[in-house]
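In this note's numbering, the protein residues as written are 305 to 392. C-beta atoms are modelled at their ideal positions from N, C-alpha and C, and glycine is treated no differently.
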């Protein structure tokens with residue numbers, strides 16, 4: 305009877321220990337993959353930010369170039385008018 309009680313007690317301890325251990329292991333694995341996914345999402349967001357920043361910079365440079373081109377055309381036009389007025 306004592307052997308059966310010891311065996312049963314050992315089995316119950318093993319069972320609860322296993323369940324507890326597996327629960328802790330499961331939680332640890334869950335947290336690991338959750339953090340991994342969050343890091344991947346953050347890396348993707350950072351990539352998108354960099355792309356947006358580059359696109360904004362290109363747009364800004366293009367706008368600056370267009371404005372400079374227009375200013376140059378206006379200046380050339382004024383110079384041409386001045387030359388034409390002097391010729392008259």
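A straight line joining the alpha-carbon of residue 340 with that of residue 378 spans about 57 Å. Each residue's CA atom was taken as its position, placing residue 355 and residue 325 some 45 Å apart. In this structure, the CA atom of residue 319 is about 36 Å from the CA atom of residue 343.
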